[in-house]
Amino acid sequence: LNRERIIAAAKSSGAEAIHPGYGFLSENADFAEACAKAGIVFIGPPASAIRAMGSKSAAKALMEKAGVPVVPGYHGQQQDSAFLAKEAARIGYPVLIKAVAGGGGKGVRRVDEAAEFAEALDGAKREAKNAFKDDAVLVEKYVERPRHVEIQVFADAKGNAVYLFERDCSVQRRHQKVLEEAPAPGLPEATRKSMGEAAVAAAKAIGYTGAGTVEFIYGGGRFFFMEMNTRLQVEHPVTELVTGLDLVEWQFRVAAGEALPLKQDQLRLRGHAIEARLYAEDPGKDFLPAIGRLSHLALPASDPHGPVRIDTGVRQGDAVSIHYDPMIAKVVAWGEDRGAALRRMARALEETRVAALGKKGAVSELLKGLGAMTPDERQVMGPALNGLKDRIAAAIADRRAVLKDADLVRRLEAERVDVTLPLRPSPLETGRIHPVSQVVDEITAIFADLGFAVAEGPDIETDYYNFTALNFPVGHPAREMHDTFFFNPRPDGERMLLRTHTSPVQIRTMEATKPPIRVIIPGRTYRFDSDQTHTPMFHQVEGLVIDEQSTVGQLKWVLEEFCKAFFEVDKVQMRFRPSYFPFTEPSMEVDIRCRRQGNEVRFGEGDDWLEILGCGMVHPNVIRAGGHDPDRYQGFAWGMGIDRIAMLKYGMPDLRAFFDADVRWLNHYGFRPLDLPTLAGGLSS
Numbered sequence: 012l013n014r015e016r017i018i019a020a021a022k023s024s025g026a027e028a029i030h031p032g033y034g035f036l037s038e039n040a041d042f043a044e045a046c047a048k049a050g051i052v053f054i055g056p057p058a059s060a061i062r063a064m065g066s067k068s069a070a071k072a073l074m075e076k077a078g079v080p081v082v083p084g085y086h087g088q089q090q091d092s093a094f095l096a097k098e099a100a101r102i103g104y105p106v107l108i109k110a111v112a113g114g115g116g117k118g119v120r121r122v123d124e125a126a127e128f129a130e131a132l133d134g135a136k137r138e139a140k141n142a143f144k145d146d147a148v149l150v151e152k153y154v155e156r157p158r159h160v161e162i163q164v165f166a167d168a169k170g171n172a173v174y175l176f177e178r179d180c181s182v183q184r185r186h187q188k189v190l191e192e193a194p195a196p197g198l199p200e201a202t203r204k205s206m207g208e209a210a211v212a213a214a215k216a217i218g219y220t221g222a223g224t225v226e227f228i229y230g231g232g233r234f235f236f237m238e239m240n241t242r243l244q245v246e247h248p249v250t251e252l253v254t255g256l257d258l259v260e261w262q263f264r265v266a267a268g269e270a271l272p273l274k275q276d277q278l279r280l281r282g283h284a285i286e287a288r289l290y291a292e293d294p295g296k297d298f299l300p301a302i303g304r305l306s307h308l309a310l311p312a313s314d315p316h317g318p319v320r321i322d323t324g325v326r327q328g329d330a331v332s333i334h335y336d337p338m339i340a341k342v343v344a345w346g347e348d349r350g351a352a353l354r355r356m357a358r359a360l361e362e363t364r365v366a367a368l369g370k371k372g373a374v375s376e377l378l379k380g381l382g383a384m385t386p387d388e389r390q391v392m393g394p395a396l397n398g399l400k401d402r403i404a405a406a407i408a409d410r411r412a413v414l415k416d417a418d419l420v421r422r423l424e425a426e427r428v429d430v431t432l433p434l435r436p437s438p439l440e441t442g443r444i445h446p447v448s449q450v451v452d453e454i455t456a457i458f459a460d461l462g463f464a465v466a467e468g469p470d471i472e473t474d475y476y477n478f479t480a481l482n483f484p485v486g487h488p489a490r491e492m493h494d495t496f497f498f499n500p501r502p503d504g505e506r507m508l509l510r511t512h513t514s515p516v517q518i519r520t521m522e523a524t525k526p527p528i529r530v531i532i533p534g535r536t537y538r539f540d541s542d543q544t545h546t547p548m549f550h551q552v553e554g555l556v557i558d559e560q561s562t563v564g565q566l567k568w569v570l571e572e573f574c575k576a577f578f579e580v581d582k583v584q585m586r587f588r589p590s591y592f593p594f595t596e597p598s599m600e601v602d603i604r605c606r607r608q609g610n611e612v613r614f615g616e617g618d619d620w621l622e623i624l625g626c627g628m629v630h631p632n633v634i635r636a637g638g639h640d641p642d643r644y645q646g647f648a649w650g651m652g653i654d655r656i657a658m659l660k661y662g663m664p665d666l667r668a669f670f671d672a673d674v675r676w677l678n679h680y681g682f683r684p685l686d687l688p689t690l691a692g693g694l695s696s
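Numbering (the numbering used here) for the sequence shown: 12 to 696.
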C-alpha cells in the first residue's frame, strides 16, 4: 500500500500501467494522480472524477445538478448540531445520519424521532472521525424497506458511455453486501431503462472514464442516487455472466485509449446470475473474522464463463488475518432463469468445504514449528500432527456420545414409575390425551433441554399488543374484520380481539423481563379460516431470544436441534427462503427436506421439501416496543403451527377432526397417560 514503492516497482519493471483491482488504492485520487505524474497509466477514472464522488455531500449536489434523483435531505457544509436537528425535522422522521466521507456502513445512524437525534448525531460523528478522520455528516430521509440496486456503467475518453444493466445487492449484513444478483428480480423494464440512463448521466456529469457503479435506493417504484463507486466492483462477475463480457478487458481497452467495444443498443441480458461471498467469519461471535490457517479448502469446479465460477485468492494452508477483509472466495452461479441459478448456487455451496485452525492451542503451536524443521523432520511430524488432529476430533465425538447416553439414563431414571402403587384403571382404560396436548408437552420438553422457559399470555388481546407493538402498519390485511375476530371497542376506544398469533406474549415478556430472554410461547390463536388443513381456532408455538449477541447462525442451530429431536432423526437439511413478516428483518420461511410416500412424510431423507415454519431476526421497532434499546440488544424469533406438525408426525389427514369431539377419533389418535409415543413404536391401538 506504499504508493511510492508501487510506482517505483512499476517503473523499474518497465510497466506501462497499473490496475488497482478493487482494493485500498482503487478509489484513491492521490494515487491516480501520482501515476499520471509518473507517466504510468492508472487503469481507472481520472483523479478529478474520484474526488468528485469521494464526498457524499458534494456528489449528491452534483447529481442534483445533473438531474439524477437524490434522496430528500441536507447535503450541505453546515455541521452545527442545532441546524442539523432543524433539517431533520424539516425532512421528516425517520432520517439517516451518514458520514460524508463514509463507506462500508460506518458513521451511519437511523433516527426515528427528534428525542433520539442528538445522541445519534454524536455517535455517527465519533465513528466517522475514527474511521475517516472526518466527522462531517449529511442527513437524509430514511426510505422504509428499500432495495439496493446498482447500475454498472462504462465510459471512454471519446465521450461514449453505456450501462451494462443492474445488480440487486439488497442482502447485506451491517451494510456489507453478502449476496448479489443480476438482473434485479421483478424490476420493470421501464425502471431499468430509467435507472440506466440516470447512471450514464451521473458518469458524464463528472467526466468519467472506465468502469464504475452508480448505487441507487429503490422502493415504491421510485429510485434515488446513493453513491458512486469509482472502480470495478467486487460483484462484477455477476454482470460478466449475464452479458457475456469481460469487464476487465474493457478496462484495459479504455485505458489504452480505445472506444467502448459496444453501443447501448448492442448490449443484451442473458439468463440470471447470483454471487455469494464466502467469508471466514464466526457466526457464534456476531460474525467477527475467524482468523487462523485454512486447514481444508475444497471449492467447486470453476469456469470463468459459467455456469459456476469461483474467484478466490487463497489456497489451503493460507492464513486468514485480522488486517484485511475475511472474504475467502466468491461463488457465482448462472442459470437460464433465477430458479435455475438458485439451484446451481445451492449445489455449488453444498460442494464447498472450509475448515480453519485457530491461532491458539497446542496443535496450532506445533504446526507453526513445522517451517523451522528439516525436510526429514517435517516428513515425520506432518503426518503425526494430522493424526493427532484426527484423534482429538474422534475423542470429542466419543465424549459427546458418552454425555448423550448419560443424559438419557438420567432422564429415564427421573421418569421411572413405581408399578406397585395402586392406580385407578379408568384413565388407562378409557382416557386419552389429545394429540395437540401431547405435542405441546413434547415441544416444551425439547426446548427445556435447550434452555428455554415457557411464557403465556391472554387469548383476548388489545390491538396494540397484537399489531401495533409488533410493527404491523396501519391498513395491513390482518387488521381487517374479514381476517380477524374483533370485539366491540372498549369505552376508551381500544380495539379488542382474539389474538391472531402468540406474538403479543413476546412484547409482554420483553416488558416484564430484562435480557437475556429465552422463551417459547405455546397457545391458542384465532383467524377466519376453515378447510382440511386450517381451522378458526388453532395452536401455535413461538420462540424468542433477546440478548446482545444473537445471530442467524444461532437461530439455525436451535431450529435444527428442535427438528431432529421432534421428528426423531439424526440429521435434517433445512432451506431458508427470504420472506416478509412485519416483526422480523430479515425474515425467512424454512423448508425441511423430506420424502413423501402416499400420506406419509419422512424427514431426514428424500428429495422433496416441506415448509415447516417462519422465522427471522427481531425487528428493531419490536425490541423498542418491548422497552429495550435495539442498538444494544438484538434477537431472533420463530413460529410454527402445533396442529400442523402433529399431523405431519403422527399421520393425521384432516385437521378439522382435531376439534370435532368424536370419541372414536380420540380413541384412535389419542395417547394413554403413560404412553411414550415414538415414530418407531407408533400410536396407541
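All residues carry an ideal CB built from backbone N, CA and C; glycine is no exception.
Bear in mind the structure is a predicted one, so any value in this text is a computation, not a measurement.
Taking the alpha-carbon positions, what's the residue i to residue j distance?
i, j, result
"Arg187", "Ala214", "The amino acid at residue 187 is misidentified as Arg; the sequence shows Gln. Going from the Cα of Gln187 to the Cα of Ala214 covers about 24 Å."
"Gly382", "Gly393", "11 Å"
"Trp261", "Ala222", "8 Å"
"Phe497", "Arg506", "7 Å"
"Ala425", "Asp460", "14 Å"
"Asn13", "Ala20", "11 Å"
"Ala28", "Val52", "4 Å"
"Ala728", "Tyr335", "There is simply no residue 728 to check, as the chain begins at 12 and stops at 696 in what is shown."
"Glu208", "Tyr174", "7 Å"
"Met206", "Arg320", "28 Å"
"Val122", "Arg158", "19 Å"
"Ile454", "Val413", "24 Å"
"Pro199", "Arg178", "14 Å"
Using CA coordinates, which residue listed in the options is at the minimum distance from residue i?
i, options, result
"His247", "Asp416, Pro56, Pro315, Asp329", "Pro315"
"Arg281", "Gln262, Leu243, Arg349", "Arg349"
"Gln608", "Cys574, Tyr229, Asp618", "Asp618"
"Ile656", "Asp336, Pro157, Ala576, Ala648", "Ala576"
"Trp649", "Val253, Ser598, Gly398, Lys169", "Ser598"
"Arg613", "Gly662, Asp654, His639, Leu624", "Gly662"
"Arg184", "Met658, Tyr591, Val563", "Val563"
"Pro515", "Ser23, Pro502, Leu555", "Leu555"
"Gly268", "Thr524, Lys169, Ala480", "Lys169"
"Lys660", "Tyr644, Ile623, Arg16", "Ile623"
Taking 8 Å as the cut-off, decide whether the C-beta atoms of residue i and residue j are in contact.
i, j, result
"Gly615", "Val583", "yes"
"Gly462", "Ser561", "no"
"Thr520", "Gly534", "no"
"Val119", "Ala135", "yes"
"Ala340", "Leu310", "yes"
"Gly55", "Ala43", "yes"
"Pro318", "Arg358", "no"
"Asp167", "Thr220", "yes"
"Val82", "Met74", "no"
"Val569", "Met585", "no"
"Glu286", "Leu419", "no"
"Asp146", "Lys140", "yes"
According to DSSP, simplified to helix, strand and coil, what is residue i?
i, result
"Pro272", "coil"
"Pro311", "coil"
"Ser24", "helix"
"Asp558", "strand"
"Gln543", "With a pLDDT of 49 at Gln543, under the threshold of 50, the predicted position of this residue should be treated as unreliable, though the coordinate-derived value follows. It is coil, neither helix nor strand."
"Asp145", "coil"
"His159", "strand"
"Pro31", "coil"
"Cys240", "The sequence as given places Asn at residue 240; Cys does not occur at that position. DSSP places Asn240 in strand when its eight states are reduced to three."
"Ile656", "helix"
"Ala222", "strand"
"Ser696", "With a pLDDT of 34 at Ser696, under the threshold of 50, the modelled position of that residue is not reliable, and no figure is offered here."
"Asp581", "coil"
"Ser181", "strand"
"His186", "coil"
"Pro438", "In this prediction, Pro438 has a pLDDT of 45, which is less than 50 and means its spatial position is unreliable; nothing more can be read from the coordinates."
"Tyr661", "helix"
"Thr645", "Looking at the sequence provided, one finds Gln at residue 645 rather than Thr. Strand."
"Leu419", "helix"
Scan the stretch 468-532 and note each continuous beta strand (DSSP E) run of 3 residues or more that stays entirely inside, going in chain order. Complete beta strand (DSSP E) runs here, min 3: 471-473, 507-509.
Residue ranges of each beta strand (DSSP E) run of no fewer than 3 residues wholly in the stretch 284-339, ordered along the chain? Whole beta strand (DSSP E) segments, 3+ residues: 303-309, 319-323.
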